[in-house]
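Under numbering that gives the first Met the number 0, the first residue of the sequence shown is numbered 0, with each subsequent residue one higher.
Reading through the structure tokens given below for one structure.
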Amino acid sequence: MKPHSVTHLLATDLDGTLVGDADSLRRLLHYYEDEPYDVTLIYSTGRHLQSALSLIEEEGLPAPHILITDVGTEIYEGISGQPDRQWRAQITAQWFPERLAAAAASCKGLIPQDIPSRHRLSYTIQSEEPVRELEKKLAELQIPHKLIVSSGRDVDILPPNTGKGEALRYVLQSRGWQSANILVAGDSGNDHEMIALGYPAVIVGNAQQELYAMAEQPHIFRAVQYCAGGIHEAWEYFYGTSKAGVSK
Ligand code: GLC
Ligand code: MG
């Protein structure tokens, strides 16, 4: 990929955020094509690599510059499948999957997800009960971890220094992209930390309750429109021609 200067950057979740409403997705992509600048894309998803790549292909999404998968535990260069080795090295030091899995196995109601991921343990739940039990157990055992609940259904146990917020912070810092015009977009619990980073962010109109519960802050825009329509609405709010003074 040829080097390019990064002036505008969209860091977005996929399911329920960029993907979910085909018409508004097409409109957003056309809008970006018509702008006088390039928009650097970072996709950040809960899916594992193969599943994320399938979605990108099925939906005809533009290839991202960076692909963050597995709830912010894996970082890849574009769609090449080339992992960021420095990131990987720094997260494995605090990853104790056997001890965490044993603790989770002793909590009734956590159903393991069948995924190939190396740096997360994921479960589905039917009620909040097992999450409270798991939280208590992990605190007693003092095993380093980060616990994330999304959509009242998915429970992810991650290395403590990971998650979508930490992964995005790392990418922006390591590539020197922090001062670009950035928009962060999400719809569910695993997006919370990246929306809270402090960059302009959007909670799309169809978001889960757990994101709506976030405190009002000037950098967080709550869209009315769903999915890519919400990203579009927020982009115009933060960077639209009249606001940012960008002439076409
Ligand atoms: C996606 C992933 C799933 C994960 C969930 C929440 O649905 O496929 O494994 O638990 O996101 O992060
Ligand atoms: Mg989502």
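Beta carbons are placed, not taken as given, at the ideal position from N, Cα and C, and that holds for glycine.
- Ranking L8, P115, G151 by CA distance to the CA of L109 puts G151 first.
- Taking C-beta separations shorter than 7 Å and ignoring five residues to either side along the sequence, the partners of L120 in its chain run P96, L99, A100, A103, I156, following chain order.
- Between R84 and I55, the alpha-carbon positions lie close to 23 Å from each other.
- Of the candidates T91, Q93, I41, I41 places its Cα closest to the Cα of Y75.
- In the structure shown, the three-state DSSP call for Y42 is strand.
- If you compare the alpha carbons of H144, T72, V154 with that of V130, the shortest gap goes to V154.
- Judged by pairs of C-beta atoms under 8 Å, the segment 198-208 touches the segment 219-236, as three or more such pairs exist.
- The residues S23, V203, G204, H231, E232, in chain order, have a CB closer than 8 Å to that of Q224 in the same chain once the five nearest residues on each side in sequence are set aside.
- If you look at I230, you'll find it in the alpha helix (DSSP H) that goes 226-238.
- V154 is bridged by DSSP to Y122, V148.
- In the displayed model, D22 falls within a helix according to three-state DSSP.
- When distances are taken from the beta-carbon of S4 to the heavy atoms of the ligand MG, even the shortest one reaches 7 Å or more.
- One Cα belongs to P61, the other to H29, and the distance between them is close to 12 Å.
- Per DSSP, the beta bridge partners of H7 are V38, N180.
- Distance between A214 and A179, taken at the CA atoms: about 25 Å.
- I67 has its alpha-carbon roughly 9 Å from the corresponding atom of L48.
- Here G15 really is in contact with S187; their C-beta atoms are around 6 Å apart, less than 8 Å.
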